[in-house]
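Numbering (my numbering), first residue to last: 206 to 452.
Glycine included, each C-beta is placed from N, C-alpha and C at the ideal position.
Since this is a predicted model, take the numbers as computed values, not measurements.
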């Protein structure tokens, strides 16, 4: 059943929580996605089967949480994750971050390592506002973004994404690939080679950049950005099982 949390920032966040043993698992979704996606629901079923505590939620402006997507930025969604995890979980959690959720999980690891017991990322997209959108914009698009405040970018997932000046500028305050990044817990990165949103180079860059005693990157030939066919879902469960074993 969907419930709502009022955060200290005054944002109303929708969530679903499954009781179980700890450390619990928290799913952090992607850019403009929601907690009703295939991976989130599959993990909830896995949690119920295994008796593991599980939390999924919608960032502000996503899904059924309050707010407008176009008003949000990486820092807002990081705060949503931080506040939701702090209010609704006990002790360190295993974070499963998909795409943008991978970036946000890395921010959690950097800013609040005491709340992270382990990490699984799926097509993690750290710093995508800078290295993806801004880097791909030509001079004219950059000028339009700065002067008009937003640009529309075509999406493979439906309507164009509205990329705002605030999203780009605020994202520069949250970059994780430019400064040391410690991941001192079991960490599994999953990445498809047919992903047209996040490259395998990005996954390798993250693996090379982060520091930790127990990190592995698994590349799946032919898997796309959704990473949600039956084999990929099984692989996510396997990665979670490895992290739990090593705790």
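Straight-line spacing of the CA atoms in residue 275 and residue 266 works out to 8 Å. Boundaries of the beta strand (DSSP E) harbouring residue 233: 226 to 233, taken from the DSSP string.
Per DSSP, the continuous beta strand (DSSP E) segment holding residue 359 begins and ends at 355 to 360. In the three-state reduction of the DSSP assignment, residue 410 falls in the helix class, which pools H, G and I. Relative to residue 444, the option among 242, 296, 326 whose CA is nearest is 326. Taking C-beta atoms as the reference points, residue 244 and residue 223 fail to come closer than 8 Å. Residue 369 is bridged by DSSP to 355. Residue pairing by DSSP places residue 420 opposite 392 in a beta bridge. Per DSSP, the unbroken beta strand (DSSP E) holding residue 301 starts and ends at 298 to 303. Around the Cβ of residue 289, a 10 Å sphere holds 16 or more other Cβ atoms; the residue is buried. Taking residue 362 as the centre and dropping the five residues before and after it, the same chain places the C-beta of 237 closer than 8 Å to its C-beta, in chain order. The continuous beta strand (DSSP E) containing residue 323 extends over residues 321 to 327. Within its own chain, the residues whose Cβ lies closer than 8 Å to the Cβ of residue 418, once the five positions on either side in sequence are excluded, are 389, listed in chain order. Inclusion of residue 263 and residue 239 in the CB contact set at 8 Å is warranted, their separation being smaller than that value. For residue 444, there is no enclosing beta strand (DSSP E); the enclosing alpha helix (DSSP H) has its first and last residue at 435 to 451. When DSSP reads this structure, residue 208 sits in a beta bridge with 220. Excluding sequence positions up to five before and after residue 416, its CB lies within less than 6 Å of the CB of 387, all in the same chain and listed in chain order. When the five nearest sequence neighbours on each side are left out, the beta carbons in the same chain lying within less than 7 Å of the beta carbon of residue 360 are those of 366, in order along the chain.
Classified as exposed, residue 351 has fewer than 16 neighbouring CB atoms from the shown chains inside 10 Å of its CB. Beta-bridge pairing by DSSP links residue 261 to 221, 232.
In terms of CA proximity to residue 217, 269 leads the group 269, 251, 315, 233. Taking a 10 Å sphere around the C-beta of residue 430, we find 16 or more other C-beta atoms and assign the residue as buried.
Residue pairing of residue 397 in beta bridges, as defined by DSSP: 425. For the pair residue 348 and residue 228, the Cα-to-Cα distance works out to about 47 Å. Inclusion of residue 323 and residue 310 in the CB contact set at 8 Å is not warranted, their separation being larger than that value. Per DSSP, residue 292 has no beta-bridge partner at all.
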